[in-house]
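Novice: Everything in the sequence shown is counted per the UniProt record's numbering, starting at 1 for the first residue and increasing by one.
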Amino acid sequence: MEWKLDNDSKIPIYQQVVDFIEKRITYGELPPGSFLPSERKLATQLN
1 MEWKLDNDSK
11 IPIYQQVVDF
21 IEKRITYGEL
31 PPGSFLPSER
41 KLATQLN
């Protein structure tokens, strides 16, 4: 799932990140027990 932050959105960036992670869980892209990327790697992916 490709995704970019929307800096012009009224939704705060932290909430956009939470929503993205929740969607990946819902669609089965993050199965139980899987690890999230490190904060630095996630920031690089989203920048």
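Think of the CB as a built atom: it goes at the ideal place given N, C-alpha and C, for glycine as much as any other residue.
In the structure shown, what three-state DSSP assignment does phenylalanine 20 receive?
Specialist: Walking along the sequence shown from the start, residue 20 turns up at place 20. Residue state, collapsed to three classes: helix.
Novice: State the DSSP-derived secondary structure class of glutamate 2, mapped to helix, strand or coil.
Specialist: Counted from its first residue, the sequence shown places residue 2 at position 2. If DSSP states are grouped into helix, strand and coil, glutamate 2 belongs with coil.
Novice: Give the DSSP-derived three-state secondary structure of tyrosine 27 in the structure shown.
Specialist: Position 27 of the sequence shown, counted from the first residue, corresponds to residue 27. Tyrosine 27: coil per DSSP, three-state reduction.
Novice: Could you spell out where the alpha helix (DSSP H) holding lysine 41 opens and where it closes?
Specialist: Here the question's residue 41 lines up with position 41 in the sequence shown. 39–46 is the span of the alpha helix (DSSP H), which, as asked, contains lysine 41.
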